[in-house]
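Let me begin by presenting the structure, written as structure tokens, before commenting on it.
Protein chains: 4
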Amino acid sequence: MTPGNLNRFFTPLVLCLVSASVTLDSTCVFADEPARPAVKVLVAYHSLSGNTERMAEAVVEGAKGLPDTTVVLKRVGQVTAEDLFSSDAIIIGSPVYWSNMSGEVKTFFDNWQFKFGVFPEFKMKNKIGAAFATGGQVSSGKEVTMLTILAAMLGNQMIVVSGGGAFGASATTEGDSPGIDKKELADAQALGRRVAEVAAMLRPAPKH
Amino acid sequence: MTPGNLNRFFTPLVLCLVSASVTLDSTCVFADEPARPAVKVLVAYHSLSGNTERMAEAVVEGAKGLPDTTVVLKRVGQVTAEDLFSSDAIIIGSPVYWSNMSGEVKTFFDNWQFKFGVFPEFKMKNKIGAAFATGGQVSSGKEVTMLTILAAMLGNQMIVVSGGGAFGASATTEGDSPGIDKKELADAQALGRRVAEVAAMLRPAPKH
Amino acid sequence: MTPGNLNRFFTPLVLCLVSASVTLDSTCVFADEPARPAVKVLVAYHSLSGNTERMAEAVVEGAKGLPDTTVVLKRVGQVTAEDLFSSDAIIIGSPVYWSNMSGEVKTFFDNWQFKFGVFPEFKMKNKIGAAFATGGQVSSGKEVTMLTILAAMLGNQMIVVSGGGAFGASATTEGDSPGIDKKELADAQALGRRVAEVAAMLRPAPKH
Amino acid sequence: MTPGNLNRFFTPLVLCLVSASVTLDSTCVFADEPARPAVKVLVAYHSLSGNTERMAEAVVEGAKGLPDTTVVLKRVGQVTAEDLFSSDAIIIGSPVYWSNMSGEVKTFFDNWQFKFGVFPEFKMKNKIGAAFATGGQVSSGKEVTMLTILAAMLGNQMIVVSGGGAFGASATTEGDSPGIDKKELADAQALGRRVAEVAAMLRPAPKH
């Protein structure tokens, strides 16, 4: 257990107000729930055609479905250090460009170091990470895109989950079902919900 | 938060024994710690030369370094359904055979369905997963082996972490430093410790 | 250029029969084409449901569409050393089991060494390699399966191509279009044709 | 065999000058070698620290070791459409940034479409492709970097090879052997040589 998480096992503040009266009177207030901070989820994406943006919006919807969840939606180029470091979970989406995430999304990851200086302290450690992707063809890079987003997160010592699909949520934007269809939106929502759930499970104690 | 995990925030059993006497006498027993079950970690591996076995043993050592952690070490062929389903975390190690995990380890994963029937209930959901690998050359499949072990786990809706390296712990067994050297053993221990830590963070409530 | 392939640039046997007569009489026979051996393609697969087998049959059809092409279709467990070493190109197909090729296909690759002893001579060097895959869901391992088949081939110093898709031919066997549909069969045929074409481009000189 | 390559089997120009004299006098000039164009290899890389540049230079040396081979060395940002389309083989090198190629290299690939318009004609089809990578740690992304470079090439219908390692040449630049050591340079040279060899095997007929 990391030091930063030790406290959580003691967070349920139990206030036992025992009246010293002859009547049996005990009130135990479980102050745990009110003291828990909201889970903060950052959804960051790159999109030219609008397809990945639609998926991102559905991911946000899914995450917002959980109580006590705050969600921030931004294009990767707009993400600030504050966005990154204040989030409990990060979900990143990319279109497939030549079998991999787009240069914009890759450059965003590179900036975790060049602009935000996450290393060598591993400032992203223990945050939840997940991925989504859109691509024209069925099997031409969506898996690679999601897995390499997760690989970048694992290199940052993040805790990684899937959702809405084996490696994350994805959409095939050409062929029989052009654009983003209902099932794909549902998968994106499922991913958002899944990440918010796991982030809640791992939510550290309030930062006093 | 999934229903199955809701209870954990209420697990601290607070027994407020209030004596109905005139003397102020209240005893609040925080039964949380004693009632928490040990985290159970399964380390499963395949090894012909003994290299992956040595790494597995170091992973076990690392995991055992955490209090309240029970670790089971088995060859993949010996793992039972009980081993799998009773574990909070699974760490799987493989030698690299032709740029990927060995057929034995892959068959072990296939048996999660064929023998243990994990699907469609996703019986491994929310267990922590991690990987380690050994290979003769520096860049000839250890990454692929670890990432595809993690990919199999993500497909099972497990929660995946690295440790002792960007994708898990690994060792290069030929070349300048044949076999498993001290740094590689330390990485394996770091992986074990990391997994036990995250499993403790996510440990569900006691199963009554 | 490897020694073994040097000869190919001299293979066009030019027989200039010059009659020593007063009449100008010269016959140059280009014996190249008749002397060229057929390209031999091995298609090996694993299939439980029959889906990967249907794809394999379509790959065979595609490869046979090229003149001077011999195609052998076998289950991975039936492939002999002779099948492997006498082929100019190998196309391997697998169902997706837990985000990767099946244990049967992985064990087949392992047997390239354990049974067929391809290493350390790199006996598969310069053979053409390609992959195909079937999986229930759109993005749950078909890419990983194809890429790790290709990675195993690259580790064997084979020359690798795609076809019928970015990484090879693939089919999604559940959902809206269960089983193998026409487009997927056409992709499999395109893969077979592509591999036979590249193998013909690289075909070494006849082995007398 | 693609139409564009059919001619190659007839390239050996045989000029049979038959003197119409009584003396037997025949001269067959095999004009094959002089008519064959040089193989052109493009080595493109990104490098901040100079490590990947050193590897790139060694790749160039290896490729130049083959007769009739022209090699162009450029940073990815300097590559022109002419560089790309006039090359028979492309070898791309990247440092590992967060478990994957750098944003610069990824953006270079994206520009194959945005600036150079390779699709939908698949203008890179049948060119040979290969990869090299440098990274600080042993198993923290060099494999992923090389495999995803190859995946981008496969998506372009290029013909992909390894060399100097299972997926290409690579160097670990921190730890016991900081920077690029002799073995790593030798691997880079082996990659260059390997690519030039395969490109020569596949070299199309002279473009008149």
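Protein sequence lines, in the order shown, are assigned to chains W, V, R and Y. 0 is the number of the first residue of the first sequence in numbering that gives the first Met the number 0; add one for each residue after it. 0 is the number of the first residue of the second sequence in numbering that gives the first Met the number 0; add one for each residue after it. 0 is the number of the first residue of the third sequence in numbering that gives the first Met the number 0; add one for each residue after it. 0 is the number of the first residue of the fourth sequence in numbering that gives the first Met the number 0; add one for each residue after it. All C-beta atoms, glycine included, are put in the ideal place defined by N, C-alpha and C. In this text, all values refer to a predicted model and were calculated from it rather than measured experimentally.
- DSSP, reduced to helix, strand and coil, places Y/Leu72 within a strand of the structure shown.
- Using a CB distance cut-off of 8 Å, R/Ala187 does not count as an interface residue toward chain Y.
- Against chain W, a Cβ distance below 8 Å from Y/Tyr96 picks out Lys105, Phe108, Asp109 and Gln112.
- Taking 8 Å as the CB threshold, Y/Ser161 lines the interface with chain R.
- The stretch 123-130 of chain Y makes contact with the stretch 79-91 of chain Y; the number of CB pairs closer than 8 Å reaches 3 or more.
- Secondary structure at W/Ser85: helix, using DSSP grouped into helix, strand and coil.
- By a beta-carbon distance limit of 8 Å, W/Phe131 contacts W/Val58. Their separation comes to about 6 Å.
- For W/Ala187, the closest of W/Ser139, W/Met54 and W/Lys122 by C-alpha to C-alpha distance is W/Met54.
- The beta carbon of R/Val117 does not come within 8 Å of any beta carbon belonging to chain Y, so the residue lies off that interface.
- The way I'd put it, the stretch 159-175 of chain W does touch the stretch 153-167 of chain V; three or more beta-carbon pairs between them come closer than 8 Å.
- If you draw a 10 Å sphere on the C-beta of V/Thr79, you find fewer than 16 other C-beta atoms in it, and that means exposed.
- DSSP, read as helix, strand or coil, puts V/Thr144 in helix.
- Nearest Cα to W/Asn110 within the set W/Thr144, W/Ala151, W/Thr171 and W/Ser169: W/Ala151.
- Distances from the alpha-carbon of Y/Met123 to those of Y/Ala62, Y/Glu81, Y/Val70 and Y/Glu56 put Y/Glu81 closest.
- Against chain V, the CB of R/Val137 has no partner CB under 8 Å away; the residue lies outside that interface.
- With a 10 Å radius around the Cβ and a threshold of 16 neighbouring Cβ atoms, W/Pro119 comes out exposed.
- Here the alpha carbon of W/Ser139 sits roughly 8 Å from the alpha carbon of W/Trp97.
- Setting aside the 5 residues that flank it on each side, V/Thr171 is surrounded in the same chain by Val137, each with a C-beta closer than 6 Å to its C-beta; the list follows chain order.
- Annotation for V/Thr51: the continuous alpha helix (DSSP H) segment containing it runs Asn50 to Lys63.
- Counting only Cβ-Cβ distances below 8 Å, V/Gly76 has no contacts in chain R at all, with the closest Cβ about 12 Å away.
- As for any beta strand (DSSP E) of minimum length 3 sitting wholly inside the stretch 84-137 of chain R, the runs are 88-96 and 127-134, ordered along the chain.
- Non-local C-beta neighbours of R/Val117 in its own chain, meaning closer than 7 Å and more than five positions away in sequence, comprise Trp111, Met123 and Asn155, ordered along the chain.
- Closer than 8 Å to the CB of V/Gly102 there is not a single CB belonging to chain W.
- With the criterion set as a beta carbon lying under 7 Å from some beta carbon of chain Y, the members of the stretch 165-176 of chain V are Ala165, Phe166, Ser169 and Thr171, in sequence order.
- W/Ala195 sits close to W/Thr68, with the two beta carbons spaced by under 8 Å.
- Beta-bridge pairing by DSSP links W/Ala43 to W/Lys73 and W/Ile91.
- Under DSSP, W/Ser169 takes part in a beta bridge, and its partners are W/Ala132.
- Taking 8 Å as the cut-off, the Cβ atoms of W/Ala37 and W/Arg192 do not count as close.
- Here DSSP, grouped into helix, strand and coil, assigns V/Val78 to coil.
- Take the alpha-carbon of Y/Ala199 and the one of V/Met145: they are about 36 Å apart.
- When 8 Å is used as the limit between beta carbons, V/Gly140 is near these residues of chain Y: Glu142 and Ala165, in chain order.
- Rounded to whole angstroms, the Cβ separation of Y/Gly134 and Y/Pro94 is 7 Å, and the two are in contact under 8 Å.
- At a beta-carbon threshold of 8 Å, the residues of chain R lying near Y/Leu153 are Leu149, Val159, Val160, Ser161, Ala165 and Phe166, ordered along the chain.
- Annotated three-state conformation of Y/Val194 is helix, per DSSP.
- Among the CB atoms of chain Y, one or more fall inside 8 Å of the CB of W/Asn99.
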